[in-house]
Amino acid sequence: MAVARRWEFAGARGAITARTWPNPDPRYVAVLVHGYGEHLGRYDHVADALVRHGAVVCGPDHAGHGLSAGERVLIHDVADLVADVHTVAAAAREDHPGLPAVMIGHSMGGLIATRYAQLHGAELAALVLSGPVLGRWDALSRLLALDEIPDVPIDPDTLSRDPDVGKAYAEDPLVWHGPFKRPTLEALDAAIRAASAHGSLGALPTLWVHGEDDRLVPLDGTRTGIEAVRGSDLTERIYPAARHEVFNETNRDEVLADVTAFIDRVLAGSASPPA
């Protein structure tokens, strides 16, 4: 198993802890962007698969998440999280000049990665979106309509058919197990609208993977967002009966194989990496 090196930097709103999984002879950079309430430490197995595939892997714990500073899960503006991811990606480009970069975002991280690609797409060779919060998220609309946000945490059973995944999530002290905060919901809503308004990702090769039985970020709502941002090179993989965290699903090996095959296709077709 690849072992990550932790490092810190001054983020948009406080100290950010990032991780880098090294590779002595990488052929590309993979930037991981985690979801709401979790942290990048839950992606060790994803990073390990990517390192074995030829990547040097990196990514931050978002502000207010995991090991990073800030009030827990408080997000004022998704642009701040995009800026922090940009800092990590820039450091990787400086350490590995000339290597193509692939960004992989899950759930809220898919929204962040989409906004990153819309703003900095020339820096990326490819984009992978896993169960991204895009388009229409009815749960968000329902919560924003309430006078008071209920103290109802994310149900671990919605994450995966593998019961060990839900158990580990429920017992993880770095995972947020409390309610959403209204400023965070408002920031997510604004970013979802901004992504749809910005529109096409152009020619950026994009892979969208999603669980058919995703009850946390339902497929049909995300599809409206994908249609709003899709460019000329979109690959879609919908996994029957899979839930929200396809990288943690019972068919995780299939999902990771689809991701690495997509990356191989992109890298084979790249005459030269982005600057």
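Here my numbering is used: the first residue of the sequence shown is 117, the next is one more, and so on. Think of the CB as a built atom: it goes at the ideal place given N, C-alpha and C, for glycine as much as any other residue.
*Which residues mark the beginning and the end of the alpha helix (DSSP H) in which Val145 is found?*
In the sequence shown, the residue the question calls residue 145 occupies position 29. Segment 144-149 is the beta strand (DSSP E) holding Val145; no alpha helix (DSSP H) there.
*Give the C-beta separation of Leu320 and Gly385 to the nearest angstrom, bearing in mind that I take them to be a contact with Cβ-Cβ under 8 Å.*
Within the sequence shown, residue 320 is the residue found at index 204, counting from 1. Within the sequence shown, residue 385 is the residue found at index 269, counting from 1. Not a contact, Cβ separation roughly 13 Å.
*Helix, strand or coil: how does DSSP classify Ala134 here?*
Within the sequence shown, residue 134 is the residue found at index 18, counting from 1. Strand, per DSSP.
*Per DSSP, which residues does His222 bridge with? Please list them.*
Walking along the sequence shown from the start, residue 222 turns up at place 106. BP columns for His222 point to Ser246.
*Where Thr340 falls, given that 16 or more other Cβ within 10 Å makes a residue buried*: Your numbering for residue 340 matches position 224 in the sequence shown. Burial call: exposed.
*Can you tell me whether DSSP reads Ala217 as helix, strand or coil?*
In the sequence shown, counting from the first residue as 1, residue 217 sits at position 101. It is a strand residue.
*Quick one: Cα of Pro295 to Cα of Gly153, how far?*
By 1-based counting over the sequence shown, the position of residue 295 is 179. By 1-based counting over the sequence shown, the position of residue 153 is 37. Distance between the alpha carbons of Pro295 and Gly153: 10 Å.
_Option nearest Ala373 by Cα separation, candidates Val189, Ile132, Gly347, Asp164_ = Residue 373 sits at position 257 when you count from the first residue of the sequence shown. Selected option, being the one with the closest Cα: Asp164.
*Could you check which residue in Gly157, Thr136, Ala179, Leu166 has the C-alpha nearest to that of Ile379?*
Taking the sequence shown and counting its residues from 1, one reaches residue 379 at position 263. Looking at the Cα atoms, Leu166 is the closest of the given residues.
_My parser needs the alpha helix (DSSP H) runs of 4 or more residues fully inside the stretch 300-364; what are they?_
335-345
_Anticipated Cβ contact below 8 Å, Thr376 with Pro248, distance rounded_ = Residue 376 sits at position 260 when you count from the first residue of the sequence shown. Residue 248 sits at position 132 when you count from the first residue of the sequence shown. Actually they are not in contact, since the Cβ atoms of Thr376 and Pro248 sit about 19 Å apart, beyond 8 Å.
_CA nearest to the CA of Ala134, picked from Asp273, His181, Pro142, Ala171_ = Against the sequence shown, residue 134 aligns to sequence position 18. Selected option, being the one with the closest Cα: His181.
*Are the Cβ atoms of Leu235 and Leu301 separated by less than 8 Å?*
Looking up residue 235 in the sequence shown gives position 119. Looking up residue 301 in the sequence shown gives position 185. Cβ atoms of Leu235 and Leu301: not closer than 8 Å.
*Taking the beta strand (DSSP E) that Val119 falls in, what are its first and last residues?*
For the purposes of this step, residue 119 is taken as residue 3 along the sequence shown, with counting starting at 1. It is not in any beta strand (DSSP E) - Val119 carries neither H nor E in the DSSP assignment.
*Grab me the residues of Val119's own chain with a C-beta within less than 8 Å of its C-beta, minus the 5 sequence neighbours each way, in chain order.*
Translated into positions along the sequence shown, residue 119 becomes position 3. Trp137.
_Glu187 versus Ala206 - alpha carbon distance_ = In the sequence shown, the residue the question calls residue 187 occupies position 71. In the sequence shown, the residue the question calls residue 206 occupies position 90. Computed Cα separation, rounded: 26 Å.
*Within the same chain, show all residues whose beta-carbon is closer than 6 Å to that of Ile354, passing over the 5 residues directly before and after it, in chain order.*
Counting from 1 along the sequence shown, the entry for residue 354 is found at position 238. Cβ within range, chain order: His326, Glu328.
*Measure how close the beta-carbons of Arg122 and Ala179 come, nearest whole angstrom, since I'm counting them as under 8 Å.*
Numbered from its first residue, the sequence shown carries residue 122 at position 6. Numbered from its first residue, the sequence shown carries residue 179 at position 63. With 8 Å as the limit, Arg122 and Ala179 do not qualify as a contact, their Cβ atoms being about 16 Å apart.
*Hey, out of Val189, Leu323, His202, whose CA is closest to Val382's CA?*
The residue you call residue 382 lines up with position 266 of the sequence shown. Nearest C-alpha to Val382: Leu323.
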